[in-house]
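*Asks:* Input: one structure, supplied below.
Number of protein chains: 2
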Amino acid sequence: MGHTVGEVARLTGVTVRALHHYDEIGLLAPGGRTAAGYRRYAAADLDRLQHILAYRALGFPLDQITALLDDPAADMLSHLRRQHQLLSERQDHTRRMLTAVERMMEAHQMGSALTQEERFEVWGEFNPEDHVEEAEQRWGDSDAYRQSQARAKRYSKEDWLTIKREGEATTRALAAAMAAGTPATSPAVMDLAEEHRQHISRWFYDCTHEIHRGLGQMYVDDPRFTATYEGIAPGLAVYLRDAIEANADRDE
Amino acid sequence: MGHTVGEVARLTGVTVRALHHYDEIGLLAPGGRTAAGYRRYAAADLDRLQHILAYRALGFPLDQITALLDDPAADMLSHLRRQHQLLSERQDHTRRMLTAVERMMEAHQMGSALTQEERFEVWGEFNPEDHVEEAEQRWGDSDAYRQSQARAKRYSKEDWLTIKREGEATTRALAAAMAAGTPATSPAVMDLAEEHRQHISRWFYDCTHEIHRGLGQMYVDDPRFTATYEGIAPGLAVYLRDAIEANADRDE
DNA sequence: CCTTGACCCTCACGTTACGGGAGGCCCTAT
DNA sequence: ATAGGGCCTCCCGTAACGTGAGGGTCAAGG
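So the sequences go chain by chain: A and B. Last residue of the first sequence: 1707 in the working numbering, with the numbers rising by one and none dropped. Last residue of the second sequence: 1707 in the working numbering, with the numbers rising by one and none dropped.
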């Protein structure tokens, strides 16, 4: 009964040396030792290790993890909740970094540069401490987010068809405008791009112009999307992207 | 002209000490010095710093960042593309961690426990080195990717329609299988998933099972895709994802 | 002209989270 | 009984800075 260091290492992907280290600093002391002095890890130790790995993956220093896990007021569930919270924030942060990169790519292609603040604001840190302090406050937001996710799950087949029909109407209008030779930067076409954006905001999530730009670029870069638009009319993907850009620029 | 260390520090959120350190190890040497020996950072230095921060945020060790940025074969755009790629992967990973936490919470509420593998597989690392090693491989791919992009641009309207029709045939077959109550993990449905994968590989890019899994998850998570599949049949997005997973598992 | 406070410089040692041996016991299998 | 893993405890090394110590620099104000 109980696992050796090597077994735990293989099971969890942590090195033996790391487990020794955790033992040394009192973060994870194995339940017992054999007569020969071999470490024996019990089930409870694995539970603890799991939470250690989660917090570690989130960037917490080991001494803080020790403090968190040794807090008698916190149980399994509260740790899981906190981890969930922090992971969600990390998602957000990564997404912001992604859109920042996308904007850089656009700026690069258009030969323009961004302002210094724009260029650096996102790279300013994953401070886990900040998160810990802000965590309580943000529970509200995250609740709202989950609700919106839950709502999406409850859309009926009719809802989905409505959503799709609405989207297709806009797309057809766009294709018509393009066929008529209307430039993508004309007000009427920008309005169609705006309609497209509103459509997403209404049904799914708050689609800022920022996000919208990202989508537009993706329609051009990602063949799975491109196929959808190019199948309707050649050049439509690029046309839509340009319209989205123009519309976002108009809004500033 | 040019900024002092303090200014750069405030602008970017990096500490002065860190900038000194980057100078010491040759990662970021300021463009010049004043007569008094003060560091002066020029615009080009800020460009470089931006990429440094991006790679650092992704967990790269500084010496590797040095190597990456000093590679004369890599320009702005290639760095941005790589960063985008890595950030996307990080998104995937975070999402997997999130669902793992969610599963833990469910298991906790139902009083059941998960198997060891289930509990630990996701926490097994963000190894940036893996990425670095894969990078070369993928760059080969990425060359292929760019080629495929270029090729995609030359598809005619008929090509696009063919592509779309092919894709829709698979989708319809899937919907039929689901309607018939065939489990997503049955061989026949896995074959359809495989067909789906081949379709992407044939027309766009080499779609590994790994990438395919990513797509499958996206069909469920990203409302823009979900709308497409749910509009055809409710539950189809999840069904497709499960089939993809099963097919990838089968392949090992 | 001189001081004062904010900013800059260069050592240089401290810290975190391990990696990587060295030297040596333990245990199972042939 | 001997060979092969696996385990143990030191112990030194490394990466990416933090944190002073000791000392010039510069613009504003008395």
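The C-beta atom is built at its ideal place from N, Cα and C for all residues, glycine as well. Keep in mind it's a predicted model, so treat the numbers as computed, not measured.
In whole angstroms, what is the alpha-carbon distance linking His1548(A) and Gly1492(A)?
*Replies:* Against the first sequence, residue 1548(A) aligns to sequence position 93. Against the first sequence, residue 1492(A) aligns to sequence position 37. Whole-angstrom Cα-Cα distance: 45 Å.
*Asks:* Using a Cβ cut-off of 8 Å, pull out every chain A residue sitting near Ala1509(B), in sequence order please.
*Replies:* Sequence index remark: in the second sequence, residue 1509(B) carries index 54 (1-based). Within chain A, the residues near Ala1509(B) are Met1552, Val1556 and Trp1578.
*Asks:* What are the residues of the region 1474-1499 of chain B that lie near chain A, defined by any Cβ-Cβ distance shorter than 7 Å?
*Replies:* For the region 1474-1499 of chain B, which is checked against every Cβ of chain A, not one residue is closer than 7 Å.
*Asks:* Do three or more CB pairs link the region 1519-1536 of chain B to the region 1476-1491 of chain B at distances below 8 Å?
*Replies:* Result yes; three or more Cβ-Cβ pairs closer than 8 Å.
*Asks:* So the alpha helix (DSSP H) Leu1535(B) belongs to, where does it begin and stop?
*Replies:* By 1-based counting over the second sequence, the position of residue 1535(B) is 80. Unbroken alpha helix (DSSP H) run through Leu1535(B): Met1531 to Gln1564.
*Asks:* Under a Cβ-count criterion, where at least 16 other Cβ atoms within 10 Å of its own Cβ denotes burial, should Gly1636(A) be classed as buried or exposed?
*Replies:* Against the first sequence, residue 1636(A) aligns to sequence position 181. Gly1636(A) should be labelled exposed.
*Asks:* Strictly below 8 Å CB to CB, what residues from chain A border Ser1543(B)?
*Replies:* In the second sequence, the residue the question calls residue 1543(B) occupies position 88. Near Ser1543(B) (Cβ distances below 8 Å), the residues of chain A are Leu1553.
*Asks:* From which residue to which residue does the alpha helix (DSSP H) around Met1456(B) run?
*Replies:* In the second sequence, the residue the question calls residue 1456(B) occupies position 1. Unbroken run through Met1456(B): none, as it is neither H nor E.
*Asks:* Secondary structure at Gly1622(A), three-state DSSP: helix, strand or coil?
*Replies:* Locating residue 1622(A) in the first sequence gives position 167, counting from the first residue. Reduced to three states, the DSSP call for Gly1622(A) is helix.
*Asks:* Cβ atoms of Ala1630(A) and Asp1697(A): under 8 Å apart, would you say?
*Replies:* As a position in the first sequence, residue 1697(A) is number 242, starting the count at 1. As a position in the first sequence, residue 1630(A) is number 175, starting the count at 1. No. Outside cutoff.
*Asks:* Answer with yes or no whether the minimum CB distance from Met1559(B) to chain A is below 8 Å.
*Replies:* Position 104 of the second sequence, counted from the start, is the residue given in the question as residue 1559(B). Answer yes: the Cβ-Cβ gap between Met1559(B) and chain A drops below 8 Å somewhere.
*Asks:* For chain B, check one thing: does any of its Cβ atoms lie closer than 8 Å to the Cβ of Ala1635(A)?
*Replies:* Within the first sequence, residue 1635(A) is the residue found at index 180, counting from 1. No, Ala1635(A) does not count as interfacial toward chain B.
*Asks:* Is Ala1555(A) closer than 8 Å to Val1577(A) when the C-beta atoms are compared?
*Replies:* For the purposes of this step, residue 1577(A) is identified with residue 122 of the first sequence, where counting begins at 1. For the purposes of this step, residue 1555(A) is identified with residue 100 of the first sequence, where counting begins at 1. Yes, the Cβ-Cβ distance between Val1577(A) and Ala1555(A) is below 8 Å.
*Asks:* Can you name the start and end residues of the alpha helix (DSSP H) that Val1644(B) belongs to?
*Replies:* Within the second sequence, the letter at position 189 stands for residue 1644(B). First-last of the alpha helix (DSSP H) with Val1644(B): Pro1642 to Trp1658.
*Asks:* Report buried or exposed for Met1565(B), applying the criterion of at least 16 other Cβ atoms within 10 angstroms of its Cβ.
*Replies:* As a first step, residue 1565(B) is located in the second sequence; it is residue number 110 there, counting from the start. Met1565(B) should be labelled exposed.
*Asks:* Measuring alpha carbon to alpha carbon, tell me which of Leu1691(A), Gln1571(A) and Ala1703(A) ends up nearest His1458(B).
*Replies:* By 1-based counting over the second sequence, the position of residue 1458(B) is 3. It is Gln1571(A).
*Asks:* Could you say if the region 1650-1657 of chain A and the region 1617-1626 of chain A meet the contact criterion of at least three C-beta pairs nearer than 8 Å?
*Replies:* Cβ pair count under 8 Å is three or more, so yes.
*Asks:* Helix, strand or coil: which one does DSSP assign to Gly1636(B)?
*Replies:* Here residue 1636(B) refers to the residue found at position 181 of the second sequence. The answer is coil: DSSP assigns Gly1636(B) none of H, G, I, E or B.
*Asks:* Using the beta-carbon of each residue, which ones in chain B are nearer than 7 Å to Met1531(A)?
*Replies:* Along the first sequence, one-based indexing puts residue 1531(A) at 76. In chain order: His1563.
*Asks:* Evaluate Glu1700(A) with the Cβ neighbour count: other Cβ atoms within 10 Å of its Cβ, from every protein chain shown; 16 or more gives buried, anything less gives exposed.
*Replies:* Position 245 of the first sequence, counting from 1, holds the residue named residue 1700(A). With 16 or more Cβ atoms within 10 Å of its Cβ, Glu1700(A) is classed as buried.
*Asks:* Quick one: give me the first and last residue of the alpha helix (DSSP H) that Ala1701(B) is part of.
*Replies:* Taking the first residue of the second sequence as position 1, residue 1701(B) is located at position 246. Looking at the DSSP string, the run of the alpha helix (DSSP H) that includes Ala1701(B) is Leu1691 to Asp1706.
*Asks:* Would you mind telling me which residues of chain A sit closer than 8 Å to Gln1519(B), beta carbon to beta carbon, in chain order?
*Replies:* The residue you call residue 1519(B) lines up with position 64 of the second sequence. Under the 8 Å cutoff, chain A gives no residues; its nearest Cβ is about 17 Å from Gln1519(B).
*Asks:* Would a check of beta-carbon distances place Trp1594(B) closer than 8 Å to chain A?
*Replies:* Mapped onto the second sequence, residue 1594(B) falls at position 139. Its pLDDT being 31, under 50, Trp1594(B) is placed unreliably by the model, and nothing is read from it.
*Asks:* How about Leu1553(A) and Leu1542(B): do their beta carbons lie closer than 8 Å?
*Replies:* Here residue 1553(A) refers to the residue found at position 98 of the first sequence. Here residue 1542(B) refers to the residue found at position 87 of the second sequence. Yes, the pair counts as a contact, with Cβ atoms nearer than the cut-off.
*Asks:* By DSSP, does Tyr1709(A) sit in helix, in strand, or in coil?
*Replies:* Only positions 1456 to 1707 of chain A appear in this structure, which leaves residue 1709(A) out of reach.
*Asks:* Is it right to say Leu1532(A) is buried, meaning 16 or more other beta carbons lie within 10 angstroms of its own, or is it exposed?
*Replies:* Counting from one through the first sequence, the residue named residue 1532(A) turns up at place 77. Exposed, since its Cβ has fewer than 16 Cβ neighbours within 10 Å.
*Asks:* Would a check of beta-carbon distances place Thr1626(B) closer than 8 Å to chain A?
*Replies:* Numbered from 1 along the second sequence, position 171 holds the residue referred to as residue 1626(B). It does not; no Cβ of chain A falls within 8 Å.
*Asks:* Would you please verify whether the beta carbon of Arg1574(A) is less than 8 Å from any beta carbon of chain B?
*Replies:* Against the first sequence, residue 1574(A) aligns to sequence position 119. True, the Cβ-Cβ gap to chain B drops below 8 Å.
*Asks:* Between His1664(A) and the rest of its own chain, which residues show a CB-CB distance below 6 Å, the 5 nearest in sequence each way excluded?
*Replies:* Looking up residue 1664(A) in the first sequence gives position 209. Within the same chain, His1664(A) has close Cβ partners Ala1703 and Asp1706.
*Asks:* Would you please verify whether the beta carbon of His1539(A) is less than 8 Å from any beta carbon of chain B?
*Replies:* Here residue 1539(A) corresponds to residue number 84 of the first sequence, with the count starting at 1. It does: the Cβ of His1539(A) has a partner Cβ on chain B nearer than 8 Å.
*Asks:* What is the residue span of the alpha helix (DSSP H) that Glu1479(B) lies within?
*Replies:* Taking the second sequence and counting its residues from 1, one reaches residue 1479(B) at position 24. Its alpha helix (DSSP H) spans residues Val1471 to Glu1479.
*Asks:* Are the Cβ atoms of Ala1568(A) and Ala1634(A) separated by less than 8 Å?
*Replies:* Here the question's residue 1568(A) lines up with position 113 in the first sequence. Here the question's residue 1634(A) lines up with position 179 in the first sequence. In this structure, Ala1634(A) does not lie closer than 8 Å to Ala1568(A) by Cβ.
*Asks:* Report yes if the CB atom of Ala1499(B) is closer than 8 Å to the CB atom of Gly1487(B), and no otherwise.
*Replies:* Within the second sequence, residue 1499(B) is the residue found at index 44, counting from 1. Within the second sequence, residue 1487(B) is the residue found at index 32, counting from 1. Result no, Cβ atoms of Ala1499(B) and Gly1487(B) do not sit closer than 8 Å.
*Asks:* So what does DSSP say about Gly1487(A), is it helix, strand or coil?
*Replies:* Here residue 1487(A) is taken as the residue at index 32 of the first sequence, counted from 1. DSSP places Gly1487(A) in strand when its eight states are reduced to three.
*Asks:* Report whether the distance from the Cβ of Leu1517(B) to the nearest heavy atom of the ligand SAM is below 7 Å.
*Replies:* This structure lacks the ligand SAM; in fact it carries no ligand of any kind.
*Asks:* Answer yes or no: do Leu1535(A) and Ile1507(A) have a C-beta to C-beta separation smaller than 8 Å?
*Replies:* Here residue 1535(A) refers to the residue found at position 80 of the first sequence. Here residue 1507(A) refers to the residue found at position 52 of the first sequence. No.
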